[in-house]
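Residue numbers for the sequence shown follow the UniProt record's numbering, so the first one is 1 and each next one is one higher.
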Amino acid sequence: MDQYQHLCRIAGKTWGINKNIRRLLYRTVIERTLCHGAAAWGHNMTSRFQKKLDSIQRLFLLYITGAYRTTPTAALQVVTGLQPLHLQIQQEATYARVARARSSSNFFTVIFSPTDNESKSSGIRIHPPPIFLSIFHSQISFAENHIDSGVKAIYTDGSKTDEGTGSAYCILENYGIIASWQGKLDRSNSVFKAEILAIRMAIEAASSFHRPIKIWTDSLSSLMAILNPKSHHSIVREIQTLLLSHKHIHLRWLKAHFGYLGNECADQLAKEAITKGDPFLLPKPLSYLKAEIKSAALSIWQGNWDNGETGRSTHDIVPRVSNKPVGWNREEIMFVIGHGPFPSYLLRFNLRTRQQLVRRKRRSNSLCHKMSVYPLLAFPNSNSVTQITVVEKHSREQLLKNPTSTLNAFHM
């Protein structure tokens, strides 16, 4: 409650502080405080507890938007792009159980298993660390200039498209490919994982050679990861162990798409591997697990929004939920949601009598009751301009020229 009062003071009576800053404060301070320790207590919630969290979140949503207190909570959540608090907490609890505790967990009807996802490996222990770095710096270089000389060398690359992910290496000698490997990975795997796997397979192939050989890659991030003695990536740790056992293997970096024959061949093989490579199963990265849980949370939020009983007028305009705010100002939020100083609102909550509204209407140059449809606002969640039934045709130019004064006239 203290944080709520602080946010009220920051917002002020005139709502002078930018609502995006108020939203940022909520995400970084309020939400983090409420979600603290979610892995221990936030997995299975009762409906009563969910309603309690909604009532807590509602206070902050009102001060983020500046909306009327009668505004539906569901509409506030959609407009601000802030999903229900109980979904956020259960989302974080599920991720912690699967990724850290390594136990199966369900997110409503979706079950996530730790065996489908990678786990963090502890870094290799070589003391003192300078010995480790000196060994690897003698085998890994970023500064050597590449020259197509026909000497036997290995080139690696990784590629990813909408169809999937591919990893490949090729061994060149006398300007010709003498051996190659192509691996087809699941689309959940990243380009980095494809690059690092290609290096791992190339080192394994080069381990049978009895003379020094260079493995060229255009992935600078992969080489930096290999140089990190505290890396938690399992494939990186395997590469580190192999390099320590095979001193004749050297890793080199070259610029991508610079016309080098070996690099172009490896790039082509990696692209072909997406459809033609041998299936190679790797655990899904934890980032993909987080994205899957987030997608499941959005689906549940969408279902609640579609089947809810409140905020129906807002649903007609913003039918799809999103984690991004719609970008309206305070006046537009009140206008679209329908909770503001409007005649229908004042009459609905007995704040004005019908006779008072009729007299006020006669005194003002109101925007009247004859309605027509025209484009007013473009929402980021829609591919086309959303149409809202608002005012008469002859008021369109007036609204576009001076929206604030026109809305004020309509609210009278």
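In this text, a Cβ means the ideal position worked out from N, Cα and C, and glycines have one as well.
query	result
Candidates K152, F335, T115: closest to S313 by CA position	F335
Inter-stretch contact (C-beta, 8 angstroms, three-pair minimum) for the region 38-53 and the region 72-86	yes
For Q182, the residue or residues it bridges with in DSSP	A168
Integer Cβ distance of N189 from P285, believed to fall under 8 angstroms	7 angstroms
C-beta contact flag for F112 and K184 at 8 angstroms	no
Per-residue burial, W41 [other beta carbons within 10 Å of its own, 16 or more giving buried]	exposed
Selected residue, minimal CA-CA separation from M45, among L61, T28, I56, F108	F108
G166 vs G176 beta-carbon contact at 8 angstroms	no
DSSP bridge partner residues for A153 (one or two, in chain order)	L172
8 angstroms Cβ cutoff met for V98 and L289	yes
Distance, R102 Cα to T115 Cα	8 angstroms
CB-CB length for A202 against Y169, believed under 8 angstroms	4 angstroms
With 16 other Cβ atoms within 10 Å as the buried cut-off, status of F60	buried
Alpha-carbon spacing of N20 relative to R27, whole angstroms	10 angstroms
Beta-bridge partners of G158, as assigned by DSSP	S167
Length of the line joining the Cα atoms of T217 and Y260	11 angstroms
Residue of N329, W305, C35, S180 minimising C-alpha distance to D278	S180
Through-space distance from A256 to C35, alpha-carbon basis	43 angstroms
Contact under 8 angstroms by Cβ, R187 with E238	no
Beta-carbon proximity check, N117 vs P229, cutoff 8 angstroms	no
Beta carbon of I235 nearer than 8 angstroms to that of T156	no
A253 - containing beta strand (DSSP E), residue span	Per the sequence presented here, residue 253 reads as Trp, with Ala not at that position. First-last of the beta strand (DSSP E) with W253: 249-253.
Distance between beta carbons of H233 and A67, contact taken as under 8 angstroms	With 8 angstroms as the limit, A67 and H233 do not qualify as a contact, their Cβ atoms being about 46 angstroms apart.
Range of the contiguous beta strand (DSSP E) that encloses W216	213-217
As assigned by DSSP and simplified to three states, the class of residue 418	With the chain covering only 1 through 412, there is no way to say anything about residue 418.
CB-CB length for W305 against A74, believed under 8 angstroms	6 angstroms
Inter-residue Cα distance where the pair is S222 and I300	37 angstroms
Collapsed DSSP secondary structure at residue 414 in the structure displayed	The chain is shown only over 1 to 412; residue 414 falls outside these bounds and no answer can be derived.
F107 - containing alpha helix (DSSP H), residue span	Counting along the chain, F107 falls outside any alpha helix (DSSP H), though it belongs to the beta strand (DSSP E) covering 105-107.
Assigned secondary structure, I111 (DSSP; H/G/I helix, E/B strand, else coil)	strand
Beta-carbon gap between P325 and G81 smaller than 8 angstroms	yes
Residue environment, N145, which counts as buried when at least 16 other CB atoms sit within 10 Å	exposed
Status (buried if at least 16 other CB within 10 Å, exposed otherwise) for H210	exposed
Opening and closing residue of the alpha helix (DSSP H) in which V191 lies	191-206
Inter-residue spacing [alpha-carbon to alpha-carbon] between T33 and Y95	18 angstroms
Beta-carbon proximity check, I140 vs I226, cutoff 8 angstroms	yes
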